[in-house]
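In mature numbering (1 follows the signal peptide of the UniProt record, and there is no 0), the protein residues as written are -27 to -1, 1 to 355.
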């Protein structure tokens, strides 16, 4: 609603300026003999240097995106329109993704702060236990304890190179010489670890830590990847073909002097779905944020909302003013884009494809972990 009010104010300013500067040319219809309205819209939207707009319409044979009618556009204006639609598209995507991005970042920071507090508390408690139970070892044990909990922090953060098994093995390996020299035989050097002096306890500790830290690690990785999904979505590369479709939808009507006509809903949906092909592939991560499960699947429609705020009996079809869009509105999948009448995009953005593969790997890892946990529970119940 707020966006609609802003746009209405913007249109009102255009109309008033039009009457003030060019009283002989009304803004309601195109003047076939001049490009005054086009110049005003070009200036108000800050598309580019207003000097690029000709005084009178000419042929559009040199243009890529526009029909061969008399036109107020030139090839240099077309380049400016191309840059403008790309900038407008990125701005809209950032504005729609801001709330979701803020939510993910906020939960990620809150999660890290909570676990940092818990890990610090547990680390201090472990040092206190050494102080009270093994005072002779306490000062020497602080470094191994600090290293162990540093490794736990890395593991919780989702670091792909962290290993609880290596962290626990290193802790016990560093602890054993201290115990042996201080309490058993001060004169002997570092003994071989092949004797497994701590028995099954290192293995049991690894298992206990894995169970306790597994969900936290998965959540940390998911939150980080979710942030990357949103970033990849709002920074998706808009192809040349996408740019042409956006210019045709948004500004080709201007070249005919029809500066106030809006794109048809179906046209806008097809263009946006062609430009954002690949975004719906990322729906997997939305399972964990059910409130926002609509975001990726409905992003093309949301981007079109601002163009459809004002009710009109006619709209711009990409070629002419019509009562309704006659083309078939396709779905959002890559396969559906083969039938898209407005774009010929056939490939997904590489960044989106890479994020999708990472989501799939994370999902498979967590499914295997959950399946193994359920299997162990079932076996233990017999």
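Quick reminder that beta carbons are idealized off the backbone N, C-alpha and C, glycines included.
The alpha helix (DSSP H) spanning residue 65 covers which residue range?
-> 48 to 106
Would a C-beta distance cut-off of 8 Å place residue 131 and residue 184 closer than the cut-off?
-> Result no, Cβ atoms of residue 131 and residue 184 do not sit closer than 8 Å.
For residue 189, name the three-state secondary structure that DSSP assigns.
-> helix
Would you kindly work out how many angstroms separate the C-alpha atoms of residue 135 and residue 249, rounded to a whole number?
-> In a straight line, the C-alpha of residue 135 is about 35 Å away from that of residue 249.
Among 126, 196, 218, which one has its Cα closest to the Cα of residue 81?
-> 196
The alpha helix (DSSP H) enclosing residue 216, as first and last residue numbers | 213 to 223
Among 127, 292, 309, 241, which has the Cα closest to the Cα of residue 58?
-> Residue 241 is the option with its Cα nearest to residue 58.
DSSP puts residue 372 in a beta bridge; with which residues?
-> Residue numbering for the chain in the displayed model covers -27 to 355; residue 372 lies beyond these limits and cannot be assessed.
Host alpha helix (DSSP H) of residue 42 (start-end) = Careful: residue 42 lies outside any alpha helix (DSSP H) and carries neither H nor E.
Does the beta-carbon of residue 313 have 16 or more other beta-carbons within 10 angstroms, so that it is buried, or is it exposed?
-> buried
Can you tell me the Cα-Cα spacing of residue 290 and residue 303, whole angstroms?
-> Looking at the backbone, the Cα of residue 290 and that of residue 303 are separated by about 15 Å.
Closest by CA to residue 94, which one among 76, 79, 125?
-> 125
Which two residues bound the contiguous alpha helix (DSSP H) that contains residue 239?
-> It spans 238 to 248 - the alpha helix (DSSP H) in which residue 239 sits, taken as one unbroken run.
Buried versus exposed call for residue 75 [16 or more other C-beta atoms within 10 Å across all chains shown] | exposed
Over the uninterrupted alpha helix (DSSP H) stretch that includes residue 150, give me the two end residues.
-> That run of the alpha helix (DSSP H) goes 137 to 152.
May I have the straight-line CA-CA distance separating residue 228 from residue 11, to the nearest angstrom?
-> 7 Å
Own chain residues within Cβ distance below 6 Å of residue 232, not counting five before or after | 10, 14
Where do the ends of the alpha helix (DSSP H) carrying residue 14 lie?
-> 9 to 17
Same chain only: Cβ atoms within 7 Å of residue 26, ignoring 5 sequence neighbours per side | 8, 11, 12, 15, 45, 50
Mark residue 88 as exposed unless 16 or more other C-beta atoms lie within 10 angstroms of its C-beta, in which case mark it buried.
-> buried
Kindly indicate which residue of 177, 140, 327, 17 has the alpha-carbon position closest to the one of residue 123.
-> Out of 177, 140, 327, 17, the CA that lies nearest to the CA of residue 123 is found in 140.
State whether the stretch 169 to 178 contacts the stretch 141 to 154, with contact taken as three or more CB pairs (one from each stretch) at a distance under 8 Å.
-> Yes, the stretch 169 to 178 is in contact with the stretch 141 to 154.
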